[in-house]
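Peer 1: If you count by my numbering, then the sequence shown holds residues 53 to 272, one letter each, in order.
The structure that follows is given in the form of structure tokens.
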Amino acid sequence: MKYCHKCQMNMLNELTKCPLCNESLEEVGPSQGREYPLKFVRKKRFPIIRMTLFISMIIISYSIIVGLFQDFNWDYIFIITGATAYLCLSVVFSLKVSRNLGPMIVVQVMFLSLLALLIDYTFGYSKWSINYVFPIAIMTGTLVLTLRMILQPKKFSDTVVYQLLLTLLGVICAILVVFHVVTFEFIAVLAGYYTIITFLGMFIFGDQKMVHELKKKFHI
């Protein structure tokens with residue numbers, strides 16, 4: 053048996069030079085070097101995403117069938133469908149971006165607000181979804197990202213863009229007050245103020261680091 057020190061491969065032939073690197077081969081015993089190629093067995097993982105999608109399809113389709121063949125209130129079917137879709141998308145998205153908290157928070161704020169709006173609209177639209185759920189969800193998401201930046205300063209660059217998105221949602225929430233879409237003005241204005249002041253605080257304490265991160269994200 054011959055051995056190539058550069059490629060770290062055993063050669064079971066009579067060649068004097070390695071066919072890969074053209075280096076001279078050394079005569080060795082059967083135990084030196086390592087076998088190549090190595091086989092890596094990929095572990096089978098439980099398909100959580102596919103299972104979640106499949107269960108969601110069963111729940112939604114079953115609800116529709118019950119609504120078609122039974123004297124059942126379709127309002128509840130809309131709520132069941134919306135809630136199932138929300139849970140399904142939340143699980144799928146959380147598994148996809150499990151290492152990054154920022155997009156998960158932004159998506160949760162948007163999905164939860166849409167689900168609340170669907171439930172509110174289904175039962176007559178008393179505007180509790182716009183007056184309370186939407187601004188409170190924005191402030192909660194902003195608080196979570198703020199705590200993350202304080203407790204994990206190294207994650208600052210991963211949080212900037214998502215805090216900017218929450219700030220835009222907070223501004224939209226405050227603008228809804230101007231157009232009288234929101235009837236309980238205090239929480240909406242507070243959400244807009246809180247997100248803006250948080251973003252300005254990131255500018256003050258982040259200094260050039262935040263500016264550099266925004267330029268990098270938006271290719272400026």
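Just so you know, even glycine gets a beta-carbon here, dropped at the ideal spot from N, CA and C.
Give the DSSP bridge partners of tyrosine 10, in chain order.
Peer 2: Here the chain has residues from 53 to 272 only, and residue 10 is not among them.
Peer 1: For cysteine 73, does the count of other Cβ atoms within 10 angstroms reach 16, so buried, or fall short, so exposed?
Peer 2: Walking along the sequence shown from the start, residue 73 turns up at place 21. It is exposed - the Cβ of cysteine 73 has fewer than 16 other Cβ atoms within 10 Å.
Peer 1: Going by beta carbon distance, what residues of the same chain come within less than 8 Å of valine 196, once the five residues before and after it are set aside?
Peer 2: Here residue 196 corresponds to residue number 144 of the sequence shown, with the count starting at 1. Answer for valine 196: Leu153 and Ile157, listed in chain order.
Peer 1: Excluding the 5 residues flanking serine 142 on each side, which residues of the same chain have their C-beta closer than 6 Å to its C-beta?
Peer 2: Within the sequence shown, the letter at position 90 stands for residue 142. Counting only Cβ-Cβ distances below 6 Å, and skipping sequence neighbours, we find nothing.
Peer 1: Do you know whose CA, among His57, Glu78, Thr211 and Cys59, lies nearest proline 155's CA?
Peer 2: As a first step, residue 155 must be located in the sequence shown, where it is residue number 103. The candidate whose alpha carbon is nearest that of proline 155 is Thr211.
Peer 1: May I ask you to list the residues that DSSP assigns as paired with lysine 69?
Peer 2: Here the question's residue 69 lines up with position 17 in the sequence shown. Beta-bridge pairing links lysine 69 to Ser76.
Peer 1: Look at the alpha carbon of glycine 42 and the alpha carbon of threonine 136, and state the distance between them as a whole number of angstroms.
Peer 2: Since the first residue of the chain shown is 53 and the last is 272, residue 42 is not available in this structure.
Peer 1: In terms of residues, what are the limits of the alpha helix (DSSP H) holding glutamine 160?
Peer 2: Here residue 160 refers to the residue found at position 108 of the sequence shown. Element bounds for glutamine 160: 153-174.
Peer 1: Taking just the CA atoms, how far does methionine 103 sit from lysine 58?
Peer 2: Residue 58 sits at position 6 when you count from the first residue of the sequence shown. Residue 103 sits at position 51 when you count from the first residue of the sequence shown. Rounded to whole angstroms, lysine 58 and methionine 103 show a C-alpha spacing of 47 Å.
Peer 1: Can the beta-carbon of isoleucine 101 be found closer than 8 Å to that of leucine 147?
Peer 2: Taking the first residue of the sequence shown as position 1, residue 101 is located at position 49. Taking the first residue of the sequence shown as position 1, residue 147 is located at position 95. Closer than 8 Å, so yes.
Peer 1: Here's a check: name, in chain order, each residue in its chain whose Cβ is nearer than 8 Å to the Cβ of isoleucine 132, leaving out the five neighbours to either side.
Peer 2: As a first step, residue 132 must be located in the sequence shown, where it is residue number 80. Ile111, Ile112 and Ser115, listed in sequence order.
Peer 1: Which residue comes first and which comes last in the alpha helix (DSSP H) that contains tyrosine 138?
Peer 2: Against the sequence shown, residue 138 aligns to sequence position 86. Here the alpha helix (DSSP H) through tyrosine 138 covers 126-148.
Peer 1: Quick one: measure Cβ to Cβ for isoleucine 239 and isoleucine 188, integer angstroms, because I've assumed they're closer than 8 Å.
Peer 2: Residue mapping note: residue 239 aligns to position 187 of the sequence shown, counting from 1. Residue mapping note: residue 188 aligns to position 136 of the sequence shown, counting from 1. Between isoleucine 188 and isoleucine 239 the Cβ distance is about 7 Å, and since that is below 8 Å, they are a contact.
Peer 1: Would you kindly work out how many angstroms separate the C-alpha atoms of threonine 247 and phenylalanine 121, rounded to a whole number?
Peer 2: For the purposes of this step, residue 247 is identified with residue 195 of the sequence shown, where counting begins at 1. For the purposes of this step, residue 121 is identified with residue 69 of the sequence shown, where counting begins at 1. Looking at the two C-alpha atoms, the distance is approximately 48 Å.
Peer 1: Anyone know if the C-beta pair for isoleucine 182 and valine 230 falls short of 8 Å?
Peer 2: As a position in the sequence shown, residue 182 is number 130, starting the count at 1. As a position in the sequence shown, residue 230 is number 178, starting the count at 1. Not closer than 8 Å, so no.
Peer 1: Does the Cβ of tyrosine 177 have 16 or more other Cβ atoms within 10 Å, making it buried, or fewer, making it exposed?
Peer 2: Stepping through the sequence shown from its first residue, residue 177 is reached at position 125. With fewer than 16 Cβ atoms within 10 Å of its Cβ, tyrosine 177 is classed as exposed.
Peer 1: By the 10 Å Cβ neighbour count, where 16 or more other Cβ atoms means buried, how is leucine 67 classified, buried or exposed?
Peer 2: As a working mapping, residue 67 is identified with position 15 in the sequence shown. By the 10 Å Cβ count, leucine 67 comes out exposed.
Peer 1: Report all residues from its chain with a CB closer than 7 Å to the CB of lysine 69; omit the five preceding and five following residues, and keep chain order.
Peer 2: Indexing the sequence shown from 1 puts residue 69 at position 17. Only Glu75, Ser76 and Leu77 meet the Cβ criterion.
Peer 1: On the premise that glutamine 204 lies in contact with phenylalanine 251, defined as a C-beta separation below 8 Å, what is that separation, rounded to the nearest angstrom?
Peer 2: Taking the first residue of the sequence shown as position 1, residue 251 is located at position 199. Taking the first residue of the sequence shown as position 1, residue 204 is located at position 152. Not quite, the Cβ-Cβ distance comes to about 18 Å (not below 8 Å), so this is no contact.
Peer 1: Could you check which residue in Glu237, Gln60, Phe145 and Tyr55 has the C-alpha nearest to that of valine 80?
Peer 2: Mapped onto the sequence shown, residue 80 falls at position 28. Here the closest residue by C-alpha is Tyr55.
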